[in-house]
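Student: Just so you know, we're using our numbering here: the sequence shown kicks off at 15 and counts up by one. All C-beta atoms, glycine included, are put in the ideal place defined by N, C-alpha and C. Just so it is clear, the structure is predicted and the values come from calculations on it, not from any experiment.
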Amino acid sequence: MQILKIDHLGIAVNSIDDGKNFWSDVLGLPFEGAETVEAQKVTTAFFPVGESEVELLESTSPDGPVAKYIEKRGQGIQHVAFRVANIEEALAELKAKGIRLIDEKPRMGAGGAKIAFLHPKATNGVLVELCER
Ligand code: ZN
Numbered sequence: 015m016q017i018l019k020i021d022h023l024g025i026a027v028n029s030i031d032d033g034k035n036f037w038s039d040v041l042g043l044p045f046e047g048a049e050t051v052e053a054q055k056v057t058t059a060f061f062p063v064g065e066s067e068v069e070l071l072e073s074t075s076p077d078g079p080v081a082k083y084i085e086k087r088g089q090g091i092q093h094v095a096f097r098v099a100n101i102e103e104a105l106a107e108l109k110a111k112g113i114r115l116i117d118e119k120p121r122m123g124a125g126g127a128k129i130a131f132l133h134p135k136a137t138n139g140v141l142v143e144l145c146e147r
C-alpha cells in the first residue's frame, strides 16, 4: 500500500456557514464552495492548506453519520483521510492483515474521489478514510 499524504482532516460542524467564519475569514483559507453528497447525508466544504485540506462536514439530515457524531461527541475532528495510490489495493492489503473495514469496496465521495473508511476499533479510535483522486 502506498500512502501519498494526509489528504484532508474532516471536521464535523453544525453549520458550514458558521464554520467558515473561522476557517476562511479568520485563518484566510480559500473557500472553494460546498458540495452535497446525498448518499452520505452530508454537505462538505474544502479549504486547501498547502498539500492538504480541511474538510468541513455538515449533516443534511438528523439521522446522518455526521449528525450522530456531533450528538455523541460534539463538533470537532471526525476523521483523518490518507490519499493512497490505489484504493482497491490498499483495502485488499488491510483486509488481508485482519483490519476491520467499514467499506469493503470504495464509494464515491466529494469531488469525484474514491473513498473508503476503516473501522475506528482497528485504528486506536480514529476514523480513517482512504481516498484516491
Ligand atoms: Zn473526508
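1. What are the residues that DSSP puts in a beta bridge with S66?
2. Identify, in the order they occur along the chain, each residue of the same chain with its Cβ nearer than 8 Å to the Cβ of V98, setting aside the five sequence neighbours on each side.
3. By the three-class DSSP mapping on this structure, what secondary structure does Q16 have?
4. Nearest CA to the CA of K82: which residue from F96, K34 and N28?
5. Could you give the distance in angstroms between the alpha-carbon of L71 and the alpha-carbon of G112?
6. CB-CB under 7 Å to K135, same chain, minus the five flanking residues each way: which ones, in chain order?
7. Check each candidate in G78, I20 and K55 and name the one with the smallest Cα separation from E65.
8. Let me have the residue list for the ligand ZN: C-beta closer than 6 Å to any non-hydrogen atom, ordered along the chain.
9. Return helix, strand or coil for Q92, following the three-state DSSP convention.
10. Could you have a look at D21 and say whether DSSP puts it in helix, strand or coil?
11. Rounded to whole angstroms, what's the CA-CA distance from E102 to K128? Just pull it up for me.
12. From the DSSP output, read off the bridge partner residues of L41.
13. Grab the span of the beta strand (DSSP E) containing V27 for me, first residue to last.
Tutor: In this structure, then:
1. DSSP, once it has assigned bridges, lists V63 as partnering S66.
2. M15, Q16, I17, L18, A104, L144, C145 and E146
3. coil
4. N28
5. Rounded to the nearest angstrom, the two C-alpha atoms are 29 Å apart.
6. R114
7. I20
8. H22, G24, E69, H93, A95 and E143
9. The answer is strand: DSSP assigns Q92 an E or B state.
10. In the three-state reduction of the DSSP assignment, D21 falls in the strand class, which pools E and B.
11. 9 Å
12. L41 is not bridged to any residue.
13. V27 -> no beta strand (DSSP E), and no H or E assigned at all.
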